[in-house]
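Structure, as structure tokens:
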Amino acid sequence: MSLNDQGSLERIVVIIPTYNEAENLPLIVQRVRAAVPTVDILVADDNSPDGTGDIADALATADSAIKVMHREGKEGLGAAYLAGFAWAIDNGYDAVVEMDADGSHQPEQLPRLLKALEDADLVLGSRW
Numbered sequence: 001m002s003l004n005d006q007g008s009l010e011r012i013v014v015i016i017p018t019y020n021e022a023e024n025l026p027l028i029v030q031r032v033r034a035a036v037p038t039v040d041i042l043v044a045d046d047n048s049p050d051g052t053g054d055i056a057d058a059l060a061t062a063d064s065a066i067k068v069m070h071r072e073g074k075e076g077l078g079a080a081y082l083a084g085f086a087w088a089i090d091n092g093y094d095a096v097v098e099m100d101a102d103g104s105h106q107p108e109q110l111p112r113l114l115k116a117l118e119d120a121d122l123v124l125g126s127r128w
């Protein structure tokens, strides 16, 4: 992990795996952007039949900090996170955050998690 001169992480990406999250995706992206405007967001879509991938593309067109990974089929949440982690490493991110698209994780807690990460190699949060 690299810290800049101010002791902060420079490049952070929030990975949001999706499958049939057309209704939820715009709201969760908006909440992440409001909580931590400086992070990038990677939407890893598993070829959702409800158009989630198209919505993700539209969000990415409107905001260059949003990236989209279109996956071939429904491979599952764990595989989507692993693909997202590999993408983040390949693209030089300093930190990676997992966030489910259904709102079960609270984006408003991201500043606390990222602050804790300044003094740790790993930070875990729980929705309970």
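Taking the numbering used here, the leading residue of the sequence shown gets 1, the next gets one more, and so forth. We put the beta carbon where it would ideally sit given N, CA and C, even for glycine.
DSSP puts residue i in a beta bridge; with which residues?
i      : result
Leu-42 : Ile-15, Lys-67
Val-29 : Looking at the DSSP assignment, Val-29 forms no beta bridge with any residue, so it has no partner.
Glu-98 : Ile-15
Given residue i, which residues of its chain have a CB within under 8 Å of its CB, disregarding the five upstream and five downstream residues?
i      : result
Asp-57 : Val-68
Ala-88 : Val-13, Ile-15, Leu-42, Val-96
Going by the beta-carbon positions, is the gap between residue i and residue j smaller than 9 Å?
i       : j       : result
Asn-24  : Ala-101 : yes
Asp-129 : Thr-18  : What is shown of the chain runs 1 to 128, which leaves residue 129 out entirely.
Pro-26  : Leu-59  : yes
Arg-33  : Ala-80  : no
Ala-44  : Leu-110 : no
Ile-28  : Gly-103 : yes
Who are the Cβ neighbours of residue i in its own chain at under 7 Å, not counting the five residues just before and after it?
i       : result
His-105 : Met-99, Arg-127
Asp-50  : Asn-20, Ala-22
Leu-77  : Pro-17
Asn-4   : The predicted position of Asn-4 is uncertain, since its pLDDT is 42 and thus under 50; no value can be drawn from it.
Who are the Cβ neighbours of residue i in its own chain at under 6 Å, not counting the five residues just before and after it?
i      : result
Gln-6  : Confidence at Gln-6 is low in this model, with a pLDDT of 45, below 50, so the placement of that residue is unreliable and no value is reported for it.
Met-1  : Confidence in Met-1 is poor, its pLDDT being 37 and thus under 50, which makes the residue's placement unreliable; the coordinate value appears in the next sentence. Cβ within range, chain order: Asp-94.
Gly-73 : Asn-47
On the three-pair Cβ rule with 8 Å, is the segment 38-50 touching the segment 7-19? Contact between the segment 38-50 and the segment 7-19 is present, because at least three Cβ pairs lie under 8 Å.
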